[in-house]
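These notes concern the structure reproduced below.
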Amino acid sequence: MRASDYLEEIVWSFRKQKLRTFLTATGIGIGSFALAIMVGLGEGLQSYIDSQIKAFGNPRVVMVFPEVAKQGQKFLDQLKQVGQPAEELTEEDERQKKNSRGGLWISAEQADALRAIPGVESVAPFVGLEIDGIRLAAAPNEAEMPWYRVDFGTLTSNPIMGALTAGRLPAAVSSASDASGAEEECVLSPQYARSFGALGDKDPSGGRARKGDASWLVGREVELRVAKLSNVASKFVFRDPTKYKSERRTFRARVVGLAEESPLSRVVFASLPLGREMARYQSQNPELLSEEKIGFQAIVRVAATADPKKVKDEIRKLGLVAQSTEEQLQQVSQVFLVLDSFLTVFGLLALVVATFGIVNTLLMAITERTREIGVMKALGATRSTVRRLFAVEAAAIGLVGGAGGALFAILVGLAGNVIAQRFPVAAALKGYSVFVFPWWLVLGSIAFATLVGALAGIYPANRAARLDPIDALRHE
Amino acid sequence: MIRTQDLIKHYVLGGETIRALDGVSIGIEEGESVAILGPSGSGKSTLMHLLGGLDTPTGGTIEVDGARLGELPEPALARYRNEKVGFVFQSYNLQPHLTAIENVELPLKLRGTERKERRALALERLAEVGLKDRAGHRPTELSGGQRQRVSIARALVGGPHFVLADEPTGNLDTKTGQEIVDLFLRLNREKKLTLVVVTHNPELAALMGRSIALRDGKVA
């Protein structure tokens, strides 16, 4: 038979059993829908993260962490202690308690070793800490401004996420000894301009903030409020950091630049000397971040001519952990990849379940059409013709159901994307679509449904092909 | 043209071997009209199935135009049915979802003939059996006699070596049955169609050029 004749036979068969074919195809459609919508959801997350990697990930900016492996070991040791009698307090324990911020540093020695690696352009210490509140420092004729919350603490040296939209970076300071002469400066997220500018009559931006212009903030001074470490701990219990009665100090910094608006956080990047001062105050440890211990982490910039991978390998040889910002984001991406595959498996399961519908439908059709099959065989249909006829019919049910399901998934997904914009979380994540349907997903889920249909058709088709024409002709 | 030599067909049914055909040797020449006559259980249906290539013998040989059917693999046997045999059944066996002309086209469709060509050939055959004006009707819209004519047109459309008719008048009243027999005989006479009619009806058999009587799986 010609291909067009197979098609004609299938159309006939569909017409003859409209409801049954429709229901079977619907079963496949639900499977295909589940697959497409699940993978579409995963794709939405994935593409958002990919866009973040593209925007903020940089293979040439390498974060260097001190011996994290030891921290892991410490955690495992602690696990072993669970339920055991208490052990004697050692000097080492006390030392670690004193340096309560983990007690892990990048030493000046290590920083020098990092600088010595070929291809390393610069090494900058990194200090992270909790800032409780931020406010615009009032000009002499202005009233006191309210405090605002800070999402993440300060980072020093370079705003590693995104680019600057205005101004310049805080004074770059690469070693502790340079700290004395450096200015107390910071870079802010432009969100603060909106917060500070939302003060009605007192609006220090003169209305510019409401028009989305944050540049007025450059050159102004802000106050940063830092609490002592014990209070930081209590912050996890009492969530309002701006209302501490306990000991805290206010630091002043001049805003010298604005960072690219980050969807995930409002950041304050302070210059290194300021960051250190705040960290020493917070930890109540004047030895923190000395000339010996330059930072909690280090940010290594790799020269454009060097291979970041080789540089990272060299860093690892020093016993340090090296990770580019790109890799860090990719790790997040991998978590979602796992989530993605779970979702996909559920979609696939739905589709596989639907195949039983196809098998059932075809077996019923074969029983009903036994005599017709017998006639076709008597008239010269070979086994393979009969087999193909039913296999193609099964694939066609898969194709129709798959296409319907994928189409429906796209409609539901697009509607979902519109609805999601009403929720602040999704709206805040700029450029994030909850569901994304790339062409390969649409074609892939249709193709997969077709394949699954064809596979489901194998057994019924073989059964039809093996029918004995004489028995089939006698069949009532 | 058709030769069988010591044709044997045994079935095993419920542990018992049934000798449906037990050494049948017959010959049918081109252009002949032959009745295979016998009561039920005589083996005439089995012989028809073997001649039609629907079944393979347990022993002996069938030769049609020099080809030995028993040795043909399945696809070749299917092609034999398609090209050399025209089946006419007692209960017509038309495909219910197809129109008259689509039913007639079916053997050519299975052969892979192009749509336009097979439609023309099918229409020609329908005209030959006097049903040109019923081409677009489905079997349910046709009388018994008309259905049998459609099935005869279907048997002829592929240009077979012989037509194998199984009780072709069994489901028809006497008058209509006679018309069908007349049609067969006319085709035999005018088109030199080789006709093999399987029947238990001696009156029908008497109208054929020759009768081969079967009894208990043997030529009587």
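These protein sequence lines are chains A and B, in that order. The first sequence runs contiguously to residue 764 in our numbering. The second sequence runs contiguously to residue 214 in our numbering. Cβ atoms here follow ideal geometry from the backbone N, Cα and C, with glycine treated the same way. Here the structure is a predicted model, which means the values were calculated and not measured.
(request) Would you mind working out which of A:Val700, A:Gly701, A:Val674 sits nearest Leu752 of chain A, comparing C-alpha positions? (result) Translated into the one-based positions of the first sequence, residue 752 of chain A becomes position 464. The sequence shown places Ala at residue 752 of chain A, rather than the Leu named in the question. When only C-alpha atoms are compared, the closest one is A:Val674.
(request) Check Pro561 of chain A in the structure and name its three-state DSSP category. (result) Residue mapping note: residue 561 of chain A aligns to position 273 of the first sequence, counting from 1. Three-state result, Pro561 of chain A: helix.
(message) For chain B, check one thing: does any of its Cβ atoms lie closer than 8 Å to the Cβ of Leu295 of chain A?
(response) Stepping through the first sequence from its first residue, residue 295 of chain A is reached at position 7. Judged by the 8 Å Cβ criterion, Leu295 of chain A is not in contact with chain B.
(request) Can you give me the Cβ contacts of Gly692 of chain A inside the same chain, cut-off strictly under 7 Å, excluding the 5 residues immediately before and after it? (result) Against the first sequence, residue 692 of chain A aligns to sequence position 404. Within the same chain, Gly692 of chain A has close Cβ partners Ala313, Gly317.
(request) Measure the alpha-carbon distance for Thr658 of chain A versus Lys665 of chain A and round it to whole angstroms. (result) The residue given as residue 658 of chain A occupies position 370 in the first sequence. The residue given as residue 665 of chain A occupies position 377 in the first sequence. Roughly 11 Å separates the two Cα atoms.
(request) Would you mind giving the Cβ-Cβ distance between Cys474 of chain A and Val411 of chain A, rounded to the nearest angstrom? I have them listed as a contact below 8 Å. (result) As a working note, residue 474 of chain A is residue 186 in the first sequence. As a working note, residue 411 of chain A is residue 123 in the first sequence. The pair is not a contact, with the Cβ atoms about 21 Å apart (cut-off 8 Å).
(request) Closer than 8 Å by C-beta to Leu761 of chain A: which residues in its own chain qualify, once you throw out the five before and the five after it? Chain order, please. (result) By one-based count along the first sequence, residue 761 of chain A stands at place 473. Here the set comprises Arg659, Gly662, Val663, Ala666.
(message) Would you say Pro51 of chain B lies against chain A (beta-carbon separation less than 8 Å)?
(response) Along the second sequence, read from residue 1 onward, the residue named residue 51 of chain B stands at position 57. So, not an interface residue.
(message) Can you tell me whether Ala467 of chain A is helix, strand or coil according to DSSP?
(response) The sequence position of residue 467 of chain A within the first sequence is 179, counting from 1. In this prediction, Ala467 of chain A has a pLDDT of 45, which is less than 50 and means its spatial position is unreliable; nothing more can be read from the coordinates.
(message) Going by DSSP, what residue range makes up the beta strand (DSSP E) through Ile768 of chain A?
(response) Residue coverage of chain A in this structure runs from 289 to 764, which leaves residue 768 of chain A outside it and unanswerable.
(message) So, under 8 Å CB-CB, Gly689 of chain A and Pro101 of chain B are touching, yes? Tell me the CB distance rounded to an integer number of Å.
(response) Looking up residue 689 of chain A in the first sequence gives position 401. Looking up residue 101 of chain B in the second sequence gives position 107. Contact doesn't hold; Cβ gap of about 33 Å is too wide.
(request) Helix, strand or coil for Ala70 of chain B, going by three-state DSSP, please let me know. (result) Taking the second sequence and counting its residues from 1, the one referred to as residue 70 of chain B is at position 76. It is helical.
(message) Just to confirm my understanding: we take Pro51 of chain B, look at its own chain, exclude 5 residues before and 5 after, and list those with CB closer than 7 Å. What are they?
(response) The residue given as residue 51 of chain B occupies position 57 in the second sequence. The residues are Leu1, Ile2, Lys3, Leu44, Gly64.
(message) Using a Cβ-Cβ distance cut-off of 8 Å, determine whether His194 of chain B contacts chain A.
(response) As a first step, residue 194 of chain B is located in the second sequence; it is residue number 200 there, counting from the start. No, His194 of chain B does not count as interfacial toward chain A.
(request) Name, please, each residue of chain B whose Cβ falls closer than 8 Å to the Cβ of Thr670 of chain A. (result) As a position in the first sequence, residue 670 of chain A is number 382, starting the count at 1. Here the neighbours are Glu68, Pro69, Ala72, Arg73.
(message) For a test of the three-state rule: what should DSSP assign to Ile30 of chain B, helix, strand or coil?
(response) Looking up residue 30 of chain B in the second sequence gives position 36. Strand at Ile30 of chain B.
(message) Quick check on Leu755 of chain A: buried or exposed, where buried means 16 or more other Cβ atoms within 10 Å of its Cβ?
(response) On the first sequence, residue 755 of chain A is found 467 positions in, with the first residue counted as 1. Leu755 of chain A should be labelled buried.
(message) With H, G and I counted as helix, E and B as strand and the rest as coil, what does DSSP make of Glu473 of chain A?
(response) What you label residue 473 of chain A is simply residue 185 of the first sequence in a count that begins at 1. The answer is strand: DSSP assigns Glu473 of chain A an E or B state.
(request) Check whether the Cβ atoms of Val123 of chain B and Ala147 of chain B sit closer than 8 Å, and answer yes or no. (result) Along the second sequence, one-based indexing puts residue 123 of chain B at 129. Along the second sequence, one-based indexing puts residue 147 of chain B at 153. Cβ distance < 8 Å, so Val123 of chain B and Ala147 of chain B count as in contact.
(message) I'd like the list of long-range same chain contacts for Leu187 of chain B, defined as Cβ closer than 7 Å, with 5 residues on each side in sequence excluded.
(response) Walking along the second sequence from the start, residue 187 of chain B turns up at place 193. The residues are Val157, Leu181.
(message) So that I know if they touch, is there some Cβ in chain B lying closer than 8 Å to that of Leu307 of chain A?
(response) Numbered from its first residue, the first sequence carries residue 307 of chain A at position 19. So no, Leu307 of chain A is outside the interface.
(message) Looking at the strands, I want to know which residues DSSP matches up with Pro413 of chain A.
(response) If you number the first sequence from 1, residue 413 of chain A lands on position 125. Looking at the DSSP assignment, Pro413 of chain A forms a beta bridge with A:Ala586.
(request) Mark Trp728 of chain A as exposed unless 16 or more other C-beta atoms lie within 10 angstroms of its C-beta, in which case mark it buried. (result) One-based indexing of the first sequence puts residue 728 of chain A at position 440. Exposed, because fewer than 16 other Cβ atoms sit within 10 Å of the Cβ of Trp728 of chain A.
(request) Check Tyr336 of chain A in the structure and name its three-state DSSP category. (result) Position 48 of the first sequence, counted from the first residue, corresponds to residue 336 of chain A. Residue state, collapsed to three classes: helix.
(request) Figure out for me which residue from A:Phe723, A:Gly607, A:Gln619, A:Leu651 has the closest Cα to the Cα of Pro354 of chain A. (result) Walking along the first sequence from the start, residue 354 of chain A turns up at place 66. The shortest C-alpha separation from Pro354 of chain A is found at A:Gly607.
(message) Using CA atoms only, rank isn't needed, just tell me which of B:Leu150, B:Leu198, B:Arg128 is closest to Thr168 of chain B.
(response) In the second sequence, the residue the question calls residue 168 of chain B occupies position 174. Among B:Leu150, B:Leu198, B:Arg128, the Cα nearest to that of Thr168 of chain B belongs to B:Leu198.
(request) Report yes or no: do the region 730 to 747 of chain A and the region 671 to 687 of chain A share at least 3 C-beta pairs separated by less than 8 Å? (result) yes
(request) Report the partner residues of Met351 of chain A according to the DSSP bridge assignment. (result) On the first sequence, position 63 is the one that residue 351 of chain A refers to. DSSP output for Met351 of chain A lists A:Ile587, A:Gln611 as bridge partner(s).
(request) Would you decide whether Tyr5 of chain B is buried or exposed? Buried here means 16 or more other CB atoms lie within 10 Å of its CB. (result) Residue 5 of chain B sits at position 11 when you count from the first residue of the second sequence. The C-beta of Tyr5 of chain B has fewer than 16 other C-beta atoms within 10 Å across all chains shown, which makes the residue exposed.
(request) Can you give me the Cβ contacts of Ala497 of chain A inside the same chain, cut-off strictly under 6 Å, excluding the 5 residues immediately before and after it? (result) Against the first sequence, residue 497 of chain A aligns to sequence position 209. Closer than 6 Å at Cβ, skipping near neighbours: Ala481, Arg482, Gly485.
(message) For a cutoff of 8 Å on Cβ pairs, would you count Lys304 of chain A as touching chain B?
(response) Here residue 304 of chain A refers to the residue found at position 16 when the first sequence is read from its first residue. At least one chain B Cβ lies under 8 Å of Lys304 of chain A.
(request) Determine the contact status of Val352 of chain A and Gln619 of chain A, defining contact as a CB-CB distance below 8 Å. (result) Looking up residue 352 of chain A in the first sequence gives position 64. Looking up residue 619 of chain A in the first sequence gives position 331. Result no, Cβ atoms of Val352 of chain A and Gln619 of chain A do not sit closer than 8 Å.
(request) Tell me whether the beta-carbon of Ala454 of chain A lies closer than 8 Å to the beta-carbon of Leu546 of chain A. (result) Taking the first sequence and counting its residues from 1, one reaches residue 454 of chain A at position 166. Taking the first sequence and counting its residues from 1, one reaches residue 546 of chain A at position 258. Yes.
(message) Give me the residue from A:Thr378, A:Leu625, A:Glu548 with the minimum Cα distance to Gly330 of chain A.
(response) Against the first sequence, residue 330 of chain A aligns to sequence position 42. If we check each option's Cα against that of Gly330 of chain A, A:Leu625 comes out closest.
(message) What does the alpha-carbon distance come out to for the pair Arg13 of chain B and Gly211 of chain B?
(response) Residue mapping note: residue 13 of chain B aligns to position 19 of the second sequence, counting from 1. Residue mapping note: residue 211 of chain B aligns to position 217 of the second sequence, counting from 1. Between Arg13 of chain B and Gly211 of chain B, the C-alpha separation is close to 7 Å.
(message) Taking the straight line between their C-alpha atoms, what separation do you get for Pro428 of chain A and Val506 of chain A?
(response) For the purposes of this step, residue 428 of chain A is taken as residue 140 along the first sequence, with counting starting at 1. For the purposes of this step, residue 506 of chain A is taken as residue 218 along the first sequence, with counting starting at 1. Taking the straight line from one Cα to the other gives about 18 Å.
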